[in-house]
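Trainee: Residue numbers (the UniProt record's numbering): 1 to 158. Yeah, the Cβ is synthetic: ideal placement off N, Cα and C, and Gly gets one too.
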Amino acid sequence: MIRERREQDLGRLADMLLELPDGPGVLAGRSPRTWLTEIEADLSWVFDQAPVSVAPTRNVVGHVQVYRPPADVAWVDRAAEAAGVAPERLLVIGRLFVRRMKHDQGIARYLLKEAVGQIAAQGQVAVLDPDGLALVPPALVTRLRFAGDPPVLGPLSG
């Protein structure tokens, strides 16, 4: 189940991040905890493998955040232009990763689709943050119709 991230989840998430093959490269010298908390996110979710009746537990296996694009970063303007919207209409999906395990891509897809749904419900356009994109399965990016550099959700309707 998806639930809000809690402070108690950060240790487990940091350990998971270091275990991922692309984790150290994405961190680029930052501590996992810093990478997870350095952005003021509109939402920070985890995937907890516990049933709803038992959650929250420490059995967290995935993470995603949605946040406003950073100011004065070139990729934000490229994404807005590709989407045909002002940068203010973008919401970023980032810090998406799932522990390597059976069904990990299904969990990543679920987290990503839920984040996209939240963004669409606000009338905004989803873009994937290049900082951490190496942790997102490329097939998932394509399957959900993200395209470009950075990947923007498309095709857009109005």
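Can you tell me where the alpha helix (DSSP H) holding E4 begins and where it ends?
Mentor: Counting along the chain, E4 falls outside any alpha helix (DSSP H), though it belongs to the beta strand (DSSP E) covering 2 to 4.
Trainee: By a C-beta neighbour count over all protein chains shown, 10 Å radius and 16 as the cutoff for buried, is G29 buried or exposed?
Mentor: Exposed, since its Cβ has fewer than 16 Cβ neighbours within 10 Å.
Trainee: Under 8 Å Cβ to Cβ from G158, same chain only, skipping five residues before and after it: list those, please.
Mentor: With a pLDDT of 38 at G158, under the threshold of 50, the modelled position of that residue is not reliable, and the figure given next carries that caveat. For G158, where only same-chain residues beyond five positions count, there are no Cβ hits under 8 Å.
Trainee: In chain order, what residues of the same chain lie with their CB nearer than 6 Å to the CB of G148, ignoring the 5 residues before and after it?
Mentor: Hits under 6 Å: A82.
Trainee: Between V98 and R78, what straight-line distance do the alpha-carbon atoms span, to the nearest angstrom?
Mentor: Each residue's alpha carbon lies about 28 Å from the other.
Trainee: Out of curiosity, what's the CA-to-CA distance linking A120 and A126?
Mentor: Those two C-alpha atoms are separated by around 8 Å.
Trainee: Less than 6 Å between C-beta atoms, sequence neighbours within five positions excluded: which residues of the same chain meet that for M16?
Mentor: Around M16: R99.
Trainee: Whole angstroms are fine: how far does the CA of D42 sit from the CA of R68?
Mentor: Taking the straight line from one Cα to the other gives about 7 Å.
Trainee: Do the CB positions of V152 and A115 come within less than 8 Å of each other?
Mentor: Not closer than 8 Å, so no.
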